[in-house]
Structures are given as C-alpha cells and as structure tokens.
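Participant: Position one of the sequence shown corresponds to residue 11 (our numbering), numbered consecutively onward.
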Amino acid sequence: GHAALVRFPGDPFLFTGLLALGRFALTLGALDTGSSFEGMGASRELQIGSFAEPALFVALFTLALATRGSSMSELFGAPVGAAWLTVGASLAMVTLSLGMLLLAEAARGPIDDPTTHLELTMIHEVMALDHSGPDLALILYGSAVRFALFGALLVDLAWPAGGLSDLAATARLGLGLVAVAVLVGIVESSMARLRLLRIPQYLVSAGILASLGALLLLR
11 GHAALVRFPG DPFLFTGLLA LGRFALTLGA LDTGSSFEGM GASRELQIGS
61 FAEPALFVAL FTLALATRGS SMSELFGAPV GAAWLTVGAS LAMVTLSLGM
111 LLLAEAARGP IDDPTTHLEL TMIHEVMALD HSGPDLALIL YGSAVRFALF
161 GALLVDLAWP AGGLSDLAAT ARLGLGLVAV AVLVGIVESS MARLRLLRIP
211 QYLVSAGILA SLGALLLLR
C-alpha cells in the first residue's frame, strides 16, 4: 500500500476532530426537529462520544509510540508490520480497543440495536426518525462511512499491507472489511444490548486497554 495523498504530522488530531464534527452536526440535526425522542437520542450520542473520543485518542497515541510516527499513514502504514514483531502485545491491545470503539461509533450491538422498534431504547436510529429524503440518506450514508472507516483502520492495523502491490492491497482491504462485518454480526447475534448505564464502562474499558498498551511501551 501507499501513503495517503494528503498527510502531515499531527493529522490524527484532524481525523478525530472530523469525527467529532460529524457527531456534532448529527446531534444538531436531531435537536432541530424539536422531537423529544430525537433529543433523547442526541443526548445519548453525545454521552457515547464523550467517552469514545478520549479512548480513540489514547489508542492513536499508543500507535504513535509503537511506530514512532506522527501521521495516520505512519500509524497504520508500513511501520506497523515491523512493530508487530517487537511490540505485538501492545498492538493487540490497541486492535481490541479499536474493535470495541467500532461497535460504539458505528452504533452496532451490544451498544445500540439498529433493528429495534422501541424508540426508548434507540440511540443512533432515533435521531433519524423524523428525517426523510436526502437528509435521511445522508445520515445513513454517514453511519455506513463511519463503519467502513473504522473497519479499514482495523484491517490496516491487524493485517498490514507493507510490500503488497496495489491490486493485492485492495483485495486485502476488501477481504478484511468482509471479515470485520462477519465478526460484528457474530458479536451482535451472540450478545444482548448493554444497559445504557453500562455503556460508559464499556468505553472506559476500551480506553484502559489502549492505555495498558502504552504502558507496556513505556516500561
């Protein structure tokens, strides 16, 4: 694989900032409808974000320590393959942490239940109840992009593309995303949805995992 066309030192901060901006726009759209249900969903979404974003920062910081990189291309690029040979335990913790964050950021089980018909138990889907047409399409598209984005990061971390040709790297990414989708489906079908009060504990656990990976690198 090749490095990103646009990259610069510190671009992980831009990455997390854009994710936060998307969440901010989504919650504003939900509040703009004036619906109590959508307002409830917006508050829950912001609660999840307040725990998920610090955990993501810690995970990226741990990757920066492991790869000695400062851009997303370095954190998830060729240096990762070499880092697995020396600090594999830390990278395994970060991989698990990102997997947990994927379920939260993409509104999948056991954090959310996108197929439920009970508005009071929804988080992400309830914010789209009063939207239709292009607005609804953009909300659903944004959710799918977020899922694919975190899935691609997981694939690049767990299955580095160093030394592969463009065609092989593309096939690797496609197969990896299919594997991520299958694993998410297995998790959703084997676990019940967490109680709302348990979700912060789940996200704190993801942050602790990434922190332990950083501590292993600093010892």
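Every residue gets a Cβ at the ideal spot worked out from N, C-alpha and C, and that includes glycine. Being a predicted model, the structure only gives us computed values, none of them experimental.
Do you know how far the Cα of L73 is from the Cα of G79?
Facilitator: So the two alpha carbons sit approximately 8 Å from each other.
Participant: Which residues in the same chain as F25 place their Cβ atom closer than 7 Å to its Cβ, once the five residues preceding and following it in sequence are excluded?
Facilitator: The residues are M82.
Participant: Tell me which residues share the same chain as D123 and place their Cβ nearer than 7 Å to its Cβ, disregarding the 5 neighbours each side in the sequence.
Facilitator: Excluding residues within five positions, the ones whose Cβ falls inside 7 Å are T131 and R203.
Participant: Starting from the Cα of A168, find the closest Cα among D21, W94, F71 and L75 and give me that residue.
Facilitator: It is W94.
Participant: So, for A14: in the same chain, excluding its five sequence neighbours on each side, which residues have a beta-carbon less than 7 Å away from its beta-carbon?
Facilitator: Cβ within range, chain order: M82 and S83.
Participant: What are the boundary residues of the alpha helix (DSSP H) that includes A60?
Facilitator: Per the sequence shown, residue 60 should be read as Ser rather than Ala. S60 -> alpha helix (DSSP H) spans S46 to T77.
Participant: How close, in whole Å, do the beta carbons of A117 and S153 come, if the pair is a contact with beta carbons under 8 Å?
Facilitator: A117 to S153, Cβ: 6 Å. Contact.
Participant: At which residues does the alpha helix (DSSP H) containing R33 begin and terminate?
Facilitator: Run containing R33: D21 to D42, per the alpha helix (DSSP H) assignment.
Participant: Hey, could you find the ends of the alpha helix (DSSP H) A114 is sitting in?
Facilitator: A88 to E115 is the extent of the alpha helix (DSSP H) around A114.
Participant: Express the C-alpha separation of S45 and D176 in angstroms, rounding to a whole number.
Facilitator: The straight-line gap from Cα to Cα measures roughly 48 Å.
Participant: If we count Cβ pairs, one from each stretch, closer than 8 Å, do we get three or more for the segment 147-167 versus the segment 98-109?
Facilitator: Output reads yes: the segment 98-109 touches the segment 147-167.
Participant: To the nearest angstrom, report how far apart G119 and P22 are at their CA atoms.
Facilitator: Near 26 Å, if we compare the C-alpha coordinates of P22 and G119.
Participant: Are L164 and A65 touching if we call contact CB-CB under 8 Å?
Facilitator: It is not a contact, given that the beta carbons lie outside the stated cut-off.
Participant: Just curious, the alpha helix (DSSP H) that D166 is in, first and last residue?
Facilitator: It spans G143 to A168 - the alpha helix (DSSP H) in which D166 sits, taken as one unbroken run.
Participant: Identify which residue in F61, V90, T43 and S199 has its Cα closest to the Cα of T125.
Facilitator: For the residues F61, V90, T43 and S199, the minimum Cα distance to T125 belongs to S199.
Participant: Once DSSP output is grouped into helix, strand and coil, what is the label at A14?
Facilitator: A14: coil per DSSP, three-state reduction.
Participant: Give me the residue from F18, A181, V97 and L150 with the minimum Cα distance to G32.
Facilitator: Answer by Cα proximity: L150.
Participant: Can you list, in chain order, the residues of its chain whose CB lies under 6 Å from that of A220, leaving out five sequence neighbours each side?
Facilitator: Correct list, in chain order: V68, A69, T72, V104 and S107.
Participant: Report the residue from H134, R17 and G217 whose alpha carbon sits nearest the alpha carbon of F86.
Facilitator: For F86, the nearest C-alpha among the options comes from R17.
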